[in-house]
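*Asks:* Sharing a structure, written as structure tokens. Questions coming.
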Amino acid sequence: MNYMDKIIEKAVEFDIPVVAVADAKRLNIGAPDGFRPGDYLPGARSVIVLARQLPKSIFVSENDPHYMFYTRAFADNYRRMNDTACSIATMLEHEGFPSLAVPAYNPLKFHRGEPHGVISFKHAAAEAGIGKLGKSTIFIHPEYGNILRLGGLITTAELPTGRPKEYKKICPPSCDLCEKACPVGALKNGEINITKCMTNCIGHTLLPPYPIQLSLKWMAGKSSWISSFMEYFTTSMFENYGIRCMKCLQVCPHFPC
Ligand code: SF4
Ligand code: SF4
Numbered sequence: 001m002n003y004m005d006k007i008i009e010k011a012v013e014f015d016i017p018v019v020a021v022a023d024a025k026r027l028n029i030g031a032p033d034g035f036r037p038g039d040y041l042p043g044a045r046s047v048i049v050l051a052r053q054l055p056k057s058i059f060v061s062e063n064d065p066h067y068m069f070y071t072r073a074f075a076d077n078y079r080r081m082n083d084t085a086c087s088i089a090t091m092l093e094h095e096g097f098p099s100l101a102v103p104a105y106n107p108l109k110f111h112r113g114e115p116h117g118v119i120s121f122k123h124a125a126a127e128a129g130i131g132k133l134g135k136s137t138i139f140i141h142p143e144y145g146n147i148l149r150l151g152g153l154i155t156t157a158e159l160p161t162g163r164p165k166e167y168k169k170i171c172p173p174s175c176d177l178c179e180k181a182c183p184v185g186a187l188k189n190g191e192i193n194i195t196k197c198m199t200n201c202i203g204h205t206l207l208p209p210y211p212i213q214l215s216l217k218w219m220a221g222k223s224s225w226i227s228s229f230m231e232y233f234t235t236s237m238f239e240n241y242g243i244r245c246m247k248c249l250q251v252c253p254h255f256p257c
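Residue 221 in my numbering sits at position 221 of the sequence shown; the count goes up by one each step and never skips.
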């Protein structure tokens with residue numbers, strides 16, 4: 001059995017239907033300093049992306065308190081990604097390839113004052129050719145739409161990698177439904193203002209109002225000490241939170257529900 005077969009077998013064990021591999025060297029070129037696969041694992045050759053669709057029924061209820069059904073379902077998906085990534089990393093290490101399971105979602109790292117995952121699995125998934133980033137900045141898969149959650153690992157094993165594909169039918173130039181639907185104007189020309197989106201979207205007792213968040217963003221962008229403090233703060237306090245908005249998700253023609 002080759003390594004890819006073993007990786008897919010592990011993913012199936014955890015009910016993860018989508019497995020793809022991106023070339024770590026190509027991601028090293030595109031990602032900012034501190035967010036490259038090679039920044040975390042010397043000799044990184046491949047990034048294995050795992051993806052799983054959220055259950056469609058969580059979007060059906062008219063009475064989901066603060067979208068908690070949705071929030072809990074994606075937290076469950078992240079746990080599953082983490083367990084699968086650890087299991088695959090352990091298997092590859094036994095085969096002689098140092099491999100690092102990257103926690104899905106949290107911890108977050110601050111870049112220019114805003115929080116990001118330590119590596120971007122949505123960019124890795126697009127690089128691996130299994131879908132495309134929409135103008136909402138959400139990853140869109142041709143079959144599962146825009147409700148996938150992603151995770152994965154970095155490995156020194158050289159695996160067969162995909163390449164980006166055009167996917168002309170996904171997010172055509174004529175569509176701007178998500179931009180128009182965003183109540184705070186956080187989306188523009190395929191980019192997201194994370195601070196604006198977070199203020200409207202995240203429900204958490206410790207999340208300050210927008211003007212204070214803007215000041216924190218400015219300070220974190222200037223001071224590595226404040227960035228580091230914010231990283232500890234988000235990692236320890238933001239494991240659980242509520243969601244108050246998913247308008248850009250729901251208006252998208254690729255929302256499969
Ligand atoms: S709503 Fe339209 S523009 Fe926005 S991500 Fe979906 S397809 Fe792309
Ligand atoms: S989640 Fe809401 S606030 Fe954030 S970008 Fe989408 S529509 Fe805008």
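Beta carbons are placed, not taken as given, at the ideal position from N, Cα and C, and that holds for glycine.
Quick check: does the Cβ of K135 come within less than 8 Å of any heavy atom belonging to ligand 3?
*Replies:* For the structure depicted, ligand 3 is absent and the ligand set comprises only ligand 1 and ligand 2.
*Asks:* With distances taken between CB atoms, is the gap from E127 to P172 smaller than 9 Å?
*Replies:* Not closer than 9 Å, so no.
*Asks:* Three or more C-beta pairs under 8 Å: does that hold for the segment 131-142 against the segment 61-71?
*Replies:* These segments do not touch.
*Asks:* My output table needs one value for F59: the three-state DSSP class, helix, strand or coil.
*Replies:* Reduced to three states, the DSSP call for F59 is helix.
*Asks:* Along the beta strand (DSSP E) that carries F233, what are the first and last residues, could you check?
*Replies:* Where F233 is concerned, there is no enclosing beta strand (DSSP E), although the alpha helix (DSSP H) it sits in stretches over 224-237.
*Asks:* Could I get the ranges of all uninterrupted beta strand (DSSP E) runs contained in the segment 94-158, with 3 residues as the minimum, in chain order?
*Replies:* The qualifying runs are 99-102, 108-111, 114-117, 148-155.
*Asks:* Excluding five sequence neighbours on each side, which residues of the same chain lie with their C-beta closer than 8 Å to the C-beta of K61?
*Replies:* Lys is not the amino acid found at residue 61; the sequence shown has Ser there. Hits under 8 Å: F69.
*Asks:* Find out if the Cβ-Cβ distance for the pair Y210, V18 is shorter than 9 Å.
*Replies:* Against a cut-off of 9 Å, the Cβ pair of V18 and Y210 comes out as no contact.
*Asks:* Do you know offhand how far N28's Cα is from H111's?
*Replies:* Cα to Cα, N28 sits roughly 16 Å from H111.
*Asks:* Less than 8 Å separating the Cβ of N146 from some heavy atom of ligand 1?
*Replies:* Flag set: Cβ of N146 near ligand 1.
*Asks:* For I194, which residues from the same chain have a beta carbon less than 6 Å from its beta carbon, with the 5 sequence-adjacent residues on both sides left out?
*Replies:* So the qualifying residues of the chain are E114.
*Asks:* Please work out which residues of its chain come closer than 6 Å, Cβ to Cβ, to F233, disregarding the five sequence neighbours upstream and downstream, and give them in chain order.
*Replies:* Once the five neighbours on either side are set aside, F233 has no close Cβ partner at all.
*Asks:* Using the Cα positions of I202 and A157, report the straight-line distance between them to the nearest angstrom.
*Replies:* So the alpha carbons of these two residues sit roughly 37 Å apart.
*Asks:* Answer yes or no: the CB of A186 versus the heavy atoms of ligand 2, is any distance below 8 Å?
*Replies:* Correct: A186 has its Cβ closer than 8 Å to ligand 2.
*Asks:* Does DSSP classify D64 as helix, strand or coil?
*Replies:* Reduced to three states, the DSSP call for D64 is coil.
*Asks:* Does ligand 1 have a heavy atom nearer than 8 Å to the CB of D176?
*Replies:* Yes - ligand 1 has a heavy atom lying nearer than 8 Å to the Cβ of D176.
*Asks:* So the alpha helix (DSSP H) A24 belongs to, where does it begin and stop?
*Replies:* Its alpha helix (DSSP H) spans residues 24-30.
*Asks:* Please list the terminal residues of the continuous beta strand (DSSP E) segment that includes I48.
*Replies:* Where I48 is concerned, the enclosing beta strand (DSSP E) stretches over 46-53.
*Asks:* Can N200 be considered in contact with ligand 2, in the sense that its beta carbon sits closer than 8 Å to one or more heavy atoms?
*Replies:* Yes, Cβ of N200 sits closer than 8 Å to a heavy atom of ligand 2.
*Asks:* Which residue's Cα is closest to the Cα of Q53: G96, G151, E191?
*Replies:* Comparing Cα positions, the closest option is G151.
*Asks:* Going by DSSP in three states, L206 sits in which element: helix, strand or coil?
*Replies:* Reduced to three states, the DSSP call for L206 is coil.
*Asks:* How would you label K122, buried or exposed, when you count the other beta carbons within 10 angstroms and need 16 or more for buried?
*Replies:* Burial call: buried.
*Asks:* According to DSSP, what are the bridge partners of I243?
*Replies:* Answer is I202.
*Asks:* Assuming the contact rule is C-beta atoms closer than 8 Å, L177 and M4 should be a hit. Round their C-beta distance to whole Å, please.
*Replies:* The Cβ separation is near 37 Å, so there is no contact.
*Asks:* Can you tell me whether P254 sits near ligand 1, meaning its C-beta is under 8 Å from at least one heavy atom of the ligand?
*Replies:* Just to set this straight, residue 254 is His in the shown sequence, not Pro. Yes, the beta carbon of H254 sits closer than 8 Å to at least one heavy atom of ligand 1.
*Asks:* Classify C252: buried if its beta carbon has 16 or more other beta carbons within 10 angstroms, exposed otherwise.
*Replies:* Its Cβ being crowded by 16 or more others within 10 Å, C252 is buried.
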